[in-house]
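Participant:
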Amino acid sequence: MHRIHIMKIRSLAAFSSLALFAVSLQAGAAVRYVDASLATGAGTGTSWADAYAGPASLQTALAAAVSGDQIWVKAGTYRPSTTGLRTASFTMKSGVAIYGGFVGTESTLSQRDWKTNVTILSGDLLGNDTATANFTENSYHVVLGTGAAVTAILDGFTVRSGNANGASASNQDKGGGILIVSSGAPTVRNCIFASHRCTFGGGAGYIFSAQATFADCQFNDNNGGSYGGAFDTNAVTSTFTRCIFRNNTAVRAGGVETYGGGNTTYTNCLFAGNRATGSGGGAAIWIGVSNSVVNARNCTFAGNVATSVAGGVNTTSAGTLNASNCVFWSNSGPTGTTAANQINAGGGTNNVSWSIVQGGFTGTSNLA
């Protein structure tokens, strides 16, 4: 009995130590407050009254944040650099969640309204963009997700005006909105990516040899230069859920290009009004090379336009489209809105089922 009693005491002590350790970890997590417009307070980031303030306030919060922290950002416009440094980005960190959409009085995360309290991450470093000019000084990438784990979260922002027109060797010609290369698997939710441009691929975002999760996001009015008006995904495994791709443009793949063996899944997404202006086609999605795969579930592809072929999806070069419960309608190419302009097999494989395809398409339970 004496030995059993000692074992119980030791077990209780070990359990208590673990509990205290867990509490200490939780206690170490912090909410860091950001308010670019604040003119008073201590600037410690510990409350709305003492929030990090000024033009560099969000960068200050990111530099101080450690895994487990949340950053709450008041509505307003934030730029990666205050000195015109085009290579500056807002860099996501593993374990750090960045939330926008606050009015500056909230005490719980559920009180924010990111749709009403618009919080902008802008690559327009001089604040002088027009609809068609003054982009030359803009950030190459507004957000950088390289190396950030799935626990790195960006939620509730409008990300706009990146201009990736720099050197290819340093990926400065890709991903004006967000760049994720070589490693990383960040999570992006409730964000709008708009008015980005690049000279190579992925106006809104470029993902290479990495992963990413996007949910409830919009990608509007982006220009991908050569490939992927919204996204260029190369050798990646990524998911897009309840996302909208609208009015994006590129020479090939007006919406998204999947290339190099990537596997991308779209669930409950909309592709509308995207344009492919060159020979590659695929105004909504272009799939090709090295057994790249696109999975589309409960998605709508409508009103996309290609100059050459397939206003909807163009599957080429050993690529594969797996589509179920989708709608392909009113996508157009040089021959109008025929079935081949909804979905085209240019050397790839299209597995389509339980879908509505204008002009008809072979597969299980498809309707025309």
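Residues in the sequence shown are numbered consecutively from 0, following numbering that gives the first Met the number 0. Yeah, the Cβ is synthetic: ideal placement off N, Cα and C, and Gly gets one too. Only a predicted model underlies this, so the values are computations on that prediction, with no experimental measurement involved.
(1) Could you tell me the boundaries of the beta strand (DSSP E) in which glutamine 217 lies?
(2) Comparing alpha-carbon positions, which option in Cys197, Gln357, Ser278 and Ile284 lies nearest phenylalanine 270?
(3) Pull up the distance between the alpha-carbon of glycine 122 and that of threonine 76, whole angstroms please.
(4) Let me know the secondary structure DSSP gives threonine 59 once reduced to three states.
(5) Would glycine 176 be called buried (16 or more neighbouring beta carbons within 10 Å of its own) or exposed?
(6) Can the beta-carbon of threonine 232 be found closer than 8 Å to that of isoleucine 206?
(7) Taking contact to mean at least 3 C-beta pairs separated by less than 8 Å, is the region 253 to 266 in contact with the region 303 to 322?
(8) What would DSSP say about asparagine 340, mapped onto helix, strand or coil?
(9) So, under 8 Å CB-CB, serine 182 and glycine 146 are touching, yes? Tell me the CB distance rounded to an integer number of Å.
(10) In this structure, what does DSSP give as the bridge partners for tryptophan 71?
(11) For alanine 55, which residues from the same chain have a beta carbon less than 7 Å from its beta carbon, with the 5 sequence-adjacent residues on both sides left out?
(12) So the beta strand (DSSP E) alanine 147 belongs to, where does it begin and stop?
(13) In whole angstroms, give me the CA-to-CA distance for phenylalanine 360 and glycine 67.
(14) In chain order, what residues of the same chain lie with their CB nearer than 7 Å to the CB of alanine 87, ignoring the 5 residues before and after it?
(15) Do glycine 228 and alanine 252 have their C-beta atoms within less than 8 Å of each other?
(16) With DSSP as the reference, please indicate the residues paired to phenylalanine 89 in a beta bridge.
(17) Mind checking which residues open and close the beta strand (DSSP E) that includes aspartate 49?
(18) Counting C-beta neighbours from all protein chains within 10 Å, is the total for asparagine 170 16 or more, i.e. buried, or is it exposed?
(19) Determine the burial state of glycine 126: buried for a count of at least 16 other Cβ atoms within 10 Å of its Cβ, exposed for fewer.
(20) Could you name the residues of the same chain whose beta carbon sits closer than 7 Å to that of alanine 64, not counting the 5 residues immediately before and after it, in chain order?
(21) CA-CA distance, serine 106 and proline 185?
(22) So for cysteine 190, helix, strand or coil by DSSP?
(23) Can you check which of these residues, Ala339, Thr104, Val293 and Val141, is closest to valine 173 by C-alpha distance?
(24) Check whether the Cβ atoms of glutamate 136 and arginine 85 lie closer than 8 Å to each other.
(25) Check whether chain D comes within 8 Å of valine 117, counting only Cβ atoms and requiring the distance to be less than that.
(26) Could you tell me which residues DSSP pairs with leucine 269 in its beta bridges?
(27) Just to confirm, is the Cβ distance from threonine 90 to leucine 143 under 8 Å?
(28) Which full runs of the beta strand (DSSP E) of 3+ residues lie inside the region 153 to 208, going along the chain?
(29) Could you tell me if glycine 335 is buried or exposed, where buried requires 16 or more neighbouring beta carbons within 10 angstroms of its beta carbon?
(30) Could you check the C-alpha separation between asparagine 219 and tryptophan 47 for me, to the nearest Å?
(31) From this set, Gly155, Val117 and Arg111, which residue's C-alpha is nearest alanine 214's C-alpha?
(32) Kindly list the residues whose CB is nearer than 6 Å to the CB of valine 326, restricted to its own chain and excluding five residues on each side of it in sequence; keep chain order.
Facilitator: Reading off the structure:
(1) As a position in the sequence shown, residue 217 is number 218, starting the count at 1. Glutamine 217 -> beta strand (DSSP E) spans 217 to 219.
(2) For the purposes of this step, residue 270 is taken as residue 271 along the sequence shown, with counting starting at 1. When only C-alpha atoms are compared, the closest one is Ile284.
(3) Counting from one through the sequence shown, the residue named residue 122 turns up at place 123. Counting from one through the sequence shown, the residue named residue 76 turns up at place 77. So the alpha carbons of these two residues sit roughly 10 Å apart.
(4) Against the sequence shown, residue 59 aligns to sequence position 60. The answer is helix: DSSP assigns threonine 59 an H, G or I state.
(5) Taking the first residue of the sequence shown as position 1, residue 176 is located at position 177. Counting other Cβ atoms within 10 Å of its Cβ, glycine 176 reaches 16 or more and is therefore classed as buried.
(6) By 1-based counting over the sequence shown, the position of residue 232 is 233. By 1-based counting over the sequence shown, the position of residue 206 is 207. Yes, these two residues count as a Cβ contact at 8 Å.
(7) yes
(8) As a working note, residue 340 is residue 341 in the sequence shown. In the three-state reduction of the DSSP assignment, asparagine 340 falls in the helix class, which pools H, G and I.
(9) Position 183 of the sequence shown, counted from the first residue, corresponds to residue 182. Position 147 of the sequence shown, counted from the first residue, corresponds to residue 146. Confirmed, Cβ separation roughly 5 Å.
(10) Reading the sequence shown from its first residue, position 72 is the one you call residue 71. Its beta-bridge partners are Tyr32 and Tyr98.
(11) For the purposes of this step, residue 55 is taken as the residue at position 56 of the sequence shown. Correct list, in chain order: Thr81.
(12) Residue 147 sits at position 148 when you count from the first residue of the sequence shown. No beta strand (DSSP E) holds alanine 147; DSSP gives it neither H nor E.
(13) If you number the sequence shown from 1, residue 360 lands on position 361. If you number the sequence shown from 1, residue 67 lands on position 68. If you take the alpha carbons of phenylalanine 360 and glycine 67, they lie about 49 Å apart.
(14) By one-based count along the sequence shown, residue 87 stands at place 88. Excluding positions up to five away in sequence, the list reads Pro79, Ser80 and Ser138.
(15) Counted from its first residue, the sequence shown places residue 228 at position 229. Counted from its first residue, the sequence shown places residue 252 at position 253. A contact, by the Cβ cut-off of 8 Å.
(16) Here residue 89 is taken as the residue at index 90 of the sequence shown, counted from 1. Paired residue(s): Val142.
(17) Taking the first residue of the sequence shown as position 1, residue 49 is located at position 50. Note, aspartate 49: premise wrong, no beta strand (DSSP E); not H, not E.
(18) Residue numbering aside, residue 170 sits at position 171 when the sequence shown is read from its first letter. It is buried - the Cβ of asparagine 170 has at least 16 other Cβ atoms within 10 Å.
(19) One-based indexing of the sequence shown puts residue 126 at position 127. Exposed, because fewer than 16 other Cβ atoms sit within 10 Å of the Cβ of glycine 126.
(20) Along the sequence shown, one-based indexing puts residue 64 at 65. Only Arg31, Ile70, Lys92 and Val95 meet the Cβ criterion.
(21) As a working note, residue 106 is residue 107 in the sequence shown. As a working note, residue 185 is residue 186 in the sequence shown. Straight-line Cα distance between these residues: approximately 26 Å.
(22) Translated into the one-based positions of the sequence shown, residue 190 becomes position 191. Three-state result, cysteine 190: coil.
(23) One-based indexing of the sequence shown puts residue 173 at position 174. The question names valine, yet the displayed sequence has lysine at residue 173. Distances from the CA of lysine 173 to each of Ala339, Thr104, Val293 and Val141 were compared; the closest alpha carbon is that of Val141.
(24) Translated into the one-based positions of the sequence shown, residue 136 becomes position 137. Translated into the one-based positions of the sequence shown, residue 85 becomes position 86. A contact, by the Cβ cut-off of 8 Å.
(25) Any reference to chain D falls outside this structure, which holds one protein chain only.
(26) Counting from one through the sequence shown, the residue named residue 269 turns up at place 270. BP columns for leucine 269 point to Ile243 and Thr299.
(27) By one-based count along the sequence shown, residue 90 stands at place 91. By one-based count along the sequence shown, residue 143 stands at place 144. Cβ atoms of threonine 90 and leucine 143: closer than 8 Å.
(28) 157 to 159, 177 to 180, 186 to 188, 191 to 193 and 204 to 207
(29) Counting from 1 along the sequence shown, the entry for residue 335 is found at position 336. With fewer than 16 Cβ atoms within 10 Å of its Cβ, glycine 335 is classed as exposed.
(30) Indexing the sequence shown from 1 puts residue 219 at position 220. Indexing the sequence shown from 1 puts residue 47 at position 48. Going from the Cα of asparagine 219 to the Cα of tryptophan 47 covers about 32 Å.
(31) Mapped onto the sequence shown, residue 214 falls at position 215. Ranking Gly155, Val117 and Arg111 by Cα distance to alanine 214 puts Gly155 first.
(32) The residue you call residue 326 lines up with position 327 of the sequence shown. Thr299 and Ile355.
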